[in-house]
Amino acid sequence: MLSRIAESLYWIGRYVERAEDTARILDVHLQRILADPWTDEDQACRSLLGVMGMPMEDEQFTSAQVIGLLGLDERSPSSVVGALAAARENARGARETVSSEMWECLNSTWHGLPSARRRVEQQGVHAFFRWVRERCAVMAGLTDATMSRDEGWLFLVLGRSIERVDMTGRLLRTHERAGGSIPSWLTLLRSSGAWETFLRTYRGSLDDRHAAEFLLLDRLFPRSVFAALSTAESCLTDLEPDPGRAGVATDAQRIVGRARTNLEFRGADELIDDLSAVLSSLEHTCSQVNDAVSRRYFRQTTAVNWVKGAVS
Numbered sequence: 018m019l020s021r022i023a024e025s026l027y028w029i030g031r032y033v034e035r036a037e038d039t040a041r042i043l044d045v046h047l048q049r050i051l052a053d054p055w056t057d058e059d060q061a062c063r064s065l066l067g068v069m070g071m072p073m074e075d076e077q078f079t080s081a082q083v084i085g086l087l088g089l090d091e092r093s094p095s096s097v098v099g100a101l102a103a104a105r106e107n108a109r110g111a112r113e114t115v116s117s118e119m120w121e122c123l124n125s126t127w128h129g130l131p132s133a134r135r136r137v138e139q140q141g142v143h144a145f146f147r148w149v150r151e152r153c154a155v156m157a158g159l160t161d162a163t164m165s166r167d168e169g170w171l172f173l174v175l176g177r178s179i180e181r182v183d184m185t186g187r188l189l190r191t192h193e194r195a196g197g198s199i200p201s202w203l204t205l206l207r208s209s210g211a212w213e214t215f216l217r218t219y220r221g222s223l224d225d226r227h228a229a230e231f232l233l234l235d236r237l238f239p240r241s242v243f244a245a246l247s248t249a250e251s252c253l254t255d256l257e258p259d260p261g262r263a264g265v266a267t268d269a270q271r272i273v274g275r276a277r278t279n280l281e282f283r284g285a286d287e288l289i290d291d292l293s294a295v296l297s298s299l300e301h302t303c304s305q306v307n308d309a310v311s312r313r314y315f316r317q318t319t320a321v322n323w324v325k326g327a328v329s
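Everything in the sequence shown is counted per my numbering, starting at 18 for the first residue and increasing by one.
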């Protein structure tokens, strides 16, 4: 496969996942402010911008400004709208590889963004977030249903999995900065699409230990950090089917394998006690993996740097 095509598919996976997860994180932010009238809005906004790696000036921040920066900024591929536009642009350069249904989904989503912005004004921002999640779910379903399980599929799923690890970690950091209260976990699980599955798994028991264990370590829930790391590791293994006697052929495999092992053999209580360090390590892991994948398979690309609201 041409490195240009592989790179485009990899970034389609990342950008679509980024759009969906950023919408989920913003939804958490707004629900937190609405649920607790005593929340300091400026402090909550600064906390979220810090989680997302955005620069902060010496000014008061409001939720409307945060939504503008992380939701509606067309110039930034770190925003919801910017990520969807970037995914569509990458698909346009890989038309011979993606299915016509995938292209039509991304293209119609891109053309629907102006009306979605009007929906924000008329129906509120939650309707926009719901629309984004639905469009990303359609894209994921079409990807699963129409792509051959070849190298192109592996690169797209690899990008989606790495982005999911990064964004789930950032979502968890919004909880950490909220003070670790049980209502925060409830909002977090709902916004992750994990609430009903969590209730069936733990029979309705909601505490920090169970929630952290589910979102970090669960083997069966696809949005958990462990499940996403395992999927990324499987993709990298399939891309290097003959690793030789050493067993691991690439730096990316070593980095992902270490991160998965670090989670797999730690208890939930230990993770709760060291949550900040664990989440920081996961963020660093995603940057390292991106570097390693880029060096191995792509020609000219750099790591994801969350600087000034853009990927450089």
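Virtual Cβ for every residue (Gly too), placed ideally from N, Cα, C.
As the structure is a computational prediction, the values presented were derived from the model and not from experiment.
Which of helix, strand or coil does DSSP assign to residue 34?
The answer is helix: DSSP assigns residue 34 an H, G or I state.
What is the C-beta distance between residue 205 and residue 188, in whole angstroms, given that I count them as a contact (C-beta under 8 angstroms)?
7 angstroms between Cβ atoms; contact.
Using the three-state DSSP reduction, which class does residue 291 fall into: helix, strand or coil?
If DSSP states are grouped into helix, strand and coil, residue 291 belongs with coil.
Who are the Cβ neighbours of residue 269 in its own chain at under 8 angstroms, not counting the five residues just before and after it?
Counting only Cβ-Cβ distances below 8 angstroms, and skipping sequence neighbours, we find 253, 306, 309, 310, 313.
Check whether the region 24-40 and the region 171-190 are in contact - that is, three or more C-beta pairs closer than 8 angstroms.
Yes: the two stretches touch, three or more of their Cβ pairs being nearer than 8 angstroms.
How many angstroms separate the CA atom of residue 43 from the CA atom of residue 81?
Using only the alpha carbons, I get a separation of about 11 angstroms.
Which word fits residue 19, buried or exposed, when buried means at least 16 other C-beta atoms lie within 10 angstroms of its C-beta?
Per the 10 Å Cβ criterion, exposed.
With DSSP collapsed to three states, give me the class of residue 129.
Of the three classes helix, strand and coil, the one that applies to residue 129 here is helix, per DSSP.
Which full runs of the alpha helix (DSSP H) of 4+ residues lie inside the region 60-139, going along the chain?
DSSP runs (the alpha helix (DSSP H)) wholly in the region 60-139: 80-84, 97-109.
Roughly how many angstroms separate the alpha carbons of residue 281 and residue 51, rounded to a whole number?
Approximately 36 angstroms, taken between the alpha carbons.
Could you tell me the alpha carbon to alpha carbon distance between residue 90 and residue 98, rounded to whole angstroms?
So the alpha carbons of these two residues sit roughly 6 angstroms apart.
Looking at the structure shown, is residue 283 part of a helix, part of a strand, or coil, going by DSSP?
Of the three classes helix, strand and coil, the one that applies to residue 283 here is coil, per DSSP.
Does the contact criterion of 3 or more C-beta pairs under 8 angstroms hold for the region 56-72 versus the region 220-234?
Judged by Cβ distances under 8 angstroms, the region 56-72 makes no contact with the region 220-234, as fewer than three pairs qualify.
Got a sec, what are the start and stop residues for the alpha helix (DSSP H) residue 251 sits in?
Per DSSP, residue 251 belongs to the alpha helix (DSSP H) from 242-256.
Pull up the distance between the alpha-carbon of residue 146 and that of residue 259, whole angstroms please.
Looking at the two C-alpha atoms, the distance is approximately 43 angstroms.
My understanding is that residue 191 touches residue 100, with C-beta atoms under 8 angstroms, so please give their C-beta distance in whole angstroms.
Going by Cβ atoms, the distance from residue 191 to residue 100 rounds to 18 angstroms, so no, they are not a contact pair.
Just to confirm, is the Cβ distance from residue 37 to residue 134 under 8 angstroms?
Taking 8 angstroms as the Cβ cut-off, residue 37 and residue 134 do not qualify as a contacting pair.
Taking residue 225 as the reference, give the member of 285, 48, 265 with the closest Cα.
Comparing Cα positions, the closest option is 285.
Assuming the contact rule is C-beta atoms closer than 8 angstroms, residue 296 and residue 276 should be a hit. Round their C-beta distance to whole Å, please.
In fact, because the Cβ distance is near 12 angstroms, the residues do not count as touching under 8 angstroms.
Indicate the three-state DSSP secondary structure (helix, strand or coil) for residue 326 in the structure shown.
Note that residue 326 scores a pLDDT of 45, beneath 50, so its modelled location is shaky; the value from the coordinates is reported in the next line. Reduced to three states, the DSSP call for residue 326 is coil.
If you follow the alpha helix (DSSP H) that residue 56 is in, where does it begin and where does it stop?
No alpha helix (DSSP H) contains residue 56, which DSSP labels as neither H nor E.
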